[in-house]
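First residue of the first sequence? That's 710 in my numbering, and the numbers climb one at a time after it. What follows is one structure encoded as structure tokens, with my remarks underneath.
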Amino acid sequence: MTSLLEKIHDYIFRVKRTSSMKVDAYVVKHPTMSIELDALKQLIDTASLPHIFKHIVSTPDIHKGFGCPIGTVIASKQIVVPAAVGYDINCGVRLMLLPLPIKEVEKRSETLLSRIWREIPAGEGEENIQVDEFTLKEVCEKGLRFSSYSSTSWFKKYTSFIEPEELDWRVDADESSSTLSAADFKRVSYRAIERGSSQLATLGGGNHFIEIGYIKEVFNISGDLKRWASEFFTPEKELTYIMIHSGSRGFGHQIGDDYMKPAKSMRKREGILPNQGLGFFYKSEDWYEAYLGAMACAANFAYVNRALMGAIIRKIFVETLGVEPILVRDISHNIARFEKFGKQTVLVHRKGAVSARKGKIVLLPGSMGTNSFVLLGEEEKHASLTFFSSAHGAGRVMGRREAAGKRGRPGKVSWEEFEKSMEGIKWKTKSKRSALEEAPMCYKDVNLVVETTEKAGIASRALELKPKLVIKG
DNA sequence: ATGTGC
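Structure representation (structure tokens):
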């Protein structure tokens, strides 16, 4: 199967269009890393969709997903593919910096960890802020801006901890606003509303996390990082960062489900379904606008979810240490947005991939025990081959069940092995199982992913971050 | 990822 990959650059390969494929698939990967067979099959399926703009691309952290791999970028002018956004609509990462050395933070680590654990429910099925349907509509359609006239008591509690700038400032690296204007609450099912109405300010499970650590290395401060004085990043200061990885919870998941099902059945009827997950809508169908309207609601829900968790954490830091974290960026890695490439405007779907335009901040979290990176987008050397897209993480190499075991059978990761891999890090997880499922050995080497990203000319490293305190759902 | 698994 690897013979399918034709080398066109040390770090870029191509699956040439054959049989069912309508376009080529470019694969950005480390020369020593192989793609799992299931993910490659899904990539070929994705390239078999009609009306794809130019070609499709995979990022170095590619692994098997539903319908299409996690780590896939596709663009189109005529169709929308819900599975190329994924179930966790606007899953993303929020990075904040705290102008205080990590040593000072570690002195209060028990207090910080237990307070965050108490105030931000982590894990599946957890609930936090309750909102009525009207408030949920405002959150979905206006995103962070809803605060300007919201008078609900829960919001008042946090509102002073949301940076005023967040209401208007484009927190996402992409040129489009963090609040997606296409949001249309009428397109959201009652079931999704039910699930979403108690899930704001919750972390979720799986690979979602809250992480506190320090800036370990500084490589390059330019582009959007120039907003902060360069002395801010002096590595000797070991300044603290806070990273939140979360998404749209059951709300977005329900919306994904609501639209993937009809997309599947409609295209199945016509016999143009590359695989069971890869349904899509034509622009000429009402479903197209409907999906984008509902997807934008879930995206805004996720932005607000991360903003509220950021506000809670900011409150905890102010109350515990008297210092306020500063928002750097909040970046989505599961979303479809209209973007311009030269004169063409296309709908770019990124699933497990982030926008990486020149000078823009790119967040590349590693696993719970390994370092993460802040990168800066480069002028793409390879002629918009990736649609300006970068990896969203290290990428799994081991399935959850494979790692933690199934039906009483032990998995590949032992508890001893896990504890060893987390040396020097204080951590809290919902269960032993979720810890094993997310163990560092379940992930690719993040250093190879960063090397690939740099060598392919997509983005280059700016900061290297080392985790010290971790909360996992 | 998900009120998780034919």
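For glycine and all other residues, C-beta sits at the position ideal for the given N, C-alpha and C.
Secondary structure of Phe1187, DSSP reduced to three states: Missing from the structure shown is residue 1187; the chain here goes from 710 to 1182 and no further.
Spatial neighbours of Thr1054 in its chain, beta-carbon cut-off 6 Å, leaving aside the 5 residues before and after: As a working mapping, residue 1054 is identified with position 345 in the first sequence. Same-chain partners within the cutoff: Phe1047.
Three-state secondary structure (DSSP) of Phe1045: Your numbering for residue 1045 matches position 336 in the first sequence. The amino acid at residue 1045 is misidentified as Phe; the sequence shows Ala. Note: Ala1045 maps to strand in three-state DSSP.
CA nearest to the CA of Thr1234, picked from Thr1138, Ile811 and Gly1182: In this structure the chain extends from 710 to 1182, so residue 1234 is not present and cannot be described.
Residue from Ser1081, Ile771 and Lys1164 whose Cα sits closest to the Cα of Val1179: Translated into positions along the first sequence, residue 1179 becomes position 470. Closest option to Val1179, Cα to Cα, is Ser1081.
CB contact flag (Gly1019, Ile964, <8 Å): Stepping through the first sequence from its first residue, residue 1019 is reached at position 310. Stepping through the first sequence from its first residue, residue 964 is reached at position 255. No, the pair does not count as a contact, with Cβ atoms beyond the cut-off.
Simplified DSSP state of Ala1100, which is helix, strand or coil: If you number the first sequence from 1, residue 1100 lands on position 391. Looking at Ala1100 - three-state DSSP - the assignment turns out to be strand.
Own chain, CB closer than 7 Å to Phe989, minus 5 neighbours either side, in chain order: Locating residue 989 in the first sequence gives position 280, where the first residue counts as 1. If we look at Phe989 and ignore the five residues flanking it on each side, its Cβ neighbours are Leu758, Ile788, Val789, Val790, Ala972 and Arg976.
Simplified DSSP assignment, three categories, for Asp933: As a working note, residue 933 is residue 224 in the first sequence. Note: Asp933 maps to helix in three-state DSSP.
Cβ pair Gly1117, Pro1074 closer than 8 Å: Residue mapping note: residue 1117 aligns to position 408 of the first sequence, counting from 1. Residue mapping note: residue 1074 aligns to position 365 of the first sequence, counting from 1. With respect to Pro1074, Gly1117 sits apart: the two C-beta atoms are not nearer than 8 Å.
8 Å Cβ cutoff met for Phe870 and Arg1038: The count along the first sequence starts at 1 and reaches residue 870 at position 161. The count along the first sequence starts at 1 and reaches residue 1038 at position 329. No, the Cβ-Cβ distance between Phe870 and Arg1038 is not below 8 Å.
Secondary structure of Lys1121, DSSP reduced to three states: Numbered from its first residue, the first sequence carries residue 1121 at position 412. DSSP places Lys1121 outside both helix and strand once states are collapsed to three, so it counts as coil.
Arg1110 - containing beta strand (DSSP E), residue span: The residue you call residue 1110 lines up with position 401 of the first sequence. Here Arg1110 belongs to no beta strand (DSSP E); instead the alpha helix (DSSP H) covers Arg1109 to Ala1113.
For Lys1175 and Leu1185, the rounded distance between their alpha carbons: This structure gives no information on residue 1185, because the portion of the chain shown stretches from 710 to 1182.
C-beta contact flag for Ala1007 and Gly780 at 8 Å: Within the first sequence, the letter at position 298 stands for residue 1007. Within the first sequence, the letter at position 71 stands for residue 780. Not a contact, by the Cβ cut-off of 8 Å.
Top-ranked residue by Cα proximity to Ser1076, from Arg1066, Ala1144 and His1042: For the purposes of this step, residue 1076 is taken as residue 367 along the first sequence, with counting starting at 1. Nearest C-alpha to Ser1076: Ala1144.
Within 8 Å, strictly: CB atoms of Glu903 and Ile924: Locating residue 903 in the first sequence gives position 194, where the first residue counts as 1. Locating residue 924 in the first sequence gives position 215, where the first residue counts as 1. With respect to the 8 Å criterion, Glu903 and Ile924 are not classified as neighbours on the basis of their beta carbons.
Where Arg824 sits in the DSSP three-state scheme: In the first sequence, residue 824 corresponds to position 115, counting from 1. In the structure shown, Arg824 adopts helical secondary structure according to DSSP, grouped into three states.
Option nearest Ala1005 by Cα separation, candidates Asn837, Lys895 and Gln985: As a first step, residue 1005 is located in the first sequence; it is residue number 296 there, counting from the start. The shortest Cα separation from Ala1005 among Asn837, Lys895 and Gln985 belongs to Lys895.
Cβ-Cβ distance between Glu1173 and Asn916 below 8 Å: If you number the first sequence from 1, residue 1173 lands on position 464. If you number the first sequence from 1, residue 916 lands on position 207. No. Outside cutoff.
Where Met1150 falls: helix, strand or coil (DSSP): To locate residue 1150, count along the first sequence from 1; it is residue 441. Helix, per DSSP.
Separation of Leu804 from Ile1134, as counted between CA atoms: Numbered from 1 along the first sequence, position 425 holds the residue referred to as residue 1134. Numbered from 1 along the first sequence, position 95 holds the residue referred to as residue 804. If you take the alpha carbons of Ile1134 and Leu804, they lie about 19 Å apart.
Option in Leu1094, Lys846, Gly1068 and Cys800 with minimal Cα separation from Ile717: On the first sequence, position 8 is the one that residue 717 refers to. The option with the nearest alpha carbon to Ile717 is Leu1094.
Beta-carbon proximity check, His764 vs Tyr735, cutoff 8 Å: To locate residue 764, count along the first sequence from 1; it is residue 55. To locate residue 735, count along the first sequence from 1; it is residue 26. Yes. Within cutoff.
Cβ-based neighbour list, Trp996, same chain, cut-off 8 Å, excluding 5 preceding and 5 following: To locate residue 996, count along the first sequence from 1; it is residue 287. Result list for Trp996: Tyr968, Pro971, Ala972, Met975 and Phe990, in chain order.
Rounded C-alpha distance that separates Ala756 from Pro778: Here residue 756 is taken as the residue at index 47 of the first sequence, counted from 1. Here residue 778 is taken as the residue at index 69 of the first sequence, counted from 1. Distance between the alpha carbons of Ala756 and Pro778: 11 Å.
Counterpart residues of Glu715 in DSSP-defined beta bridges: One-based indexing of the first sequence puts residue 715 at position 6. As DSSP reads the structure, Glu715 sits in a beta bridge with Arg723.
Which residues DSSP lists as bridging Val782, in chain order: Here residue 782 refers to the residue found at position 73 of the first sequence. Val782 is bridged to Val766 and Arg1059.
Segment limits, beta strand (DSSP E) that includes Lys1193: Shown here, the chain extends from 710 to 1182; a query on residue 1193 therefore has no answer.
Phe1097 classed as buried or exposed, judged by whether at least 16 other C-beta atoms fall within 10 angstroms: The count along the first sequence starts at 1 and reaches residue 1097 at position 388. If you draw a 10 Å sphere on the C-beta of Phe1097, you find 16 or more other C-beta atoms in it, and that means buried.
Nearest residue (CA-CA) to Ser728, options Pro740, Arg958 and Leu713: Within the first sequence, residue 728 is the residue found at index 19, counting from 1. Comparing Cα-Cα distances from Ser728 to each of Pro740, Arg958 and Leu713, the minimum goes to Leu713.
Contact check, Val1235 vs Leu1072, beta carbons under 8 Å: This structure gives no information on residue 1235, because the portion of the chain shown stretches from 710 to 1182.
Runs of beta strand (DSSP E) lying entirely within the segment 910–958, each at least 3 residues, in chain order: Complete beta strand (DSSP E) runs here, min 3: 918–927 and 948–955.
Test item: CB-CB of Val840 and Ser906 under 8 Å: Here the question's residue 840 lines up with position 131 in the first sequence. Here the question's residue 906 lines up with position 197 in the first sequence. The Cβ-Cβ distance between Val840 and Ser906 falls below 8 Å.
Presumed contact (8 Å Cβ cut-off) between Tyr867 and Ile1021, rounded CB distance: Indexing the first sequence from 1 puts residue 867 at position 158. Indexing the first sequence from 1 puts residue 1021 at position 312. Between Ile1021 and Tyr867 the Cβ distance is about 7 Å, and since that is below 8 Å, they are a contact.
Alpha-carbon to alpha-carbon, Ser939 and Ala985: As a first step, residue 985 is located in the first sequence; it is residue number 276 there, counting from the start. As a first step, residue 939 is located in the first sequence; it is residue number 230 there, counting from the start. Reading off the sequence shown, one finds Gln at residue 985, where the question assumed Ala. C-alpha separation (whole angstroms): 50 Å.
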